[in-house]
């Protein structure tokens, strides 16, 4: 699941962030501090930018979620060392996430998640191709909704919806 946050009010987050932080970071932190994300077990933060890294630190210090993780993926993807690093990062991530949630995450679980993600990616590519072939068949708004839904719905539910 991906968090987006609301962009109209940053009452809770503004006191924790630099003025240059983007609305995505502000909105996500604001939602967490306001208690609107209490249904989550926690969050994992990708190492994408300085603001996202600071969000991770601020989240860890100012919330009480049971799960907190940082995921630092390789920048170069076309070397053997990058592959080794990626495998090591994912193994450690699976172990730590499982420990924090009190579950065992297996290689099969990861493989299933990857297969579902690849199926979603393929379905979105197919939808985009359909839109390109027949522009009136799928509007830009519908494409946007499908893409956003793919990030917030359970993968199996999204795939079932798209296949029906």
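In the working numbering, the protein residues as written are 2 to 165.
Note that CB positions come from ideal geometry on N, CA and C, so glycine has one too.
Just so you know, these numbers come straight off a predicted model, no measurement behind them.
According to DSSP, residue 70 shares a beta bridge with 45. Here residue 104 is exposed, its C-beta having fewer than 16 other C-beta atoms within 10 Å. Runs of the beta strand (DSSP E) spanning 3 or more residues and lying entirely within the region 3 to 36 do not occur at all. DSSP places residue 79 in the coil class of the three-state scheme, outside both helix and strand. Counting only residues of its own chain and dropping the five nearest sequence neighbours on each side, residue 43 has a CB closer than 6 angstroms to the CB of 66, 67, 68 and 69.
A check of alpha carbon separations from residue 159 across 117, 135, 137 and 136 identifies 117 as the nearest. Counting the other Cβ atoms within 10 Å of the Cβ of residue 133 gives fewer than 16, which makes it exposed. Excluding five sequence positions before and after residue 47, the CB atoms of its chain that fall closer than 6 angstroms to its own CB belong to 72, given in chain order. Rounded to the nearest whole angstrom, the CA to CA distance from residue 135 to residue 95 is 42 angstroms. Taking a C-beta distance under 8 angstroms as the contact criterion, residue 30 and residue 56 qualify as a contact pair.
Between residue 124 and residue 163 the beta-carbon gap is near 5 angstroms, inside 8 angstroms, which marks them as a contact. Residue burial annotation: residue 121 is buried, with at least 16 other C-beta atoms found within 10 angstroms of its C-beta. Judged by DSSP secondary structure, residue 51 falls within the alpha helix (DSSP H) whose first and last residues are 51 to 63. Residue environment: residue 102 is assigned as exposed (fewer than 16 neighbouring CB atoms within 10 Å of its CB, all protein chains considered). Excluding residues up to 5 positions away in sequence, 121, 125 and 159 lie with their Cβ nearer than 7 angstroms to the Cβ of residue 151 in the same chain.
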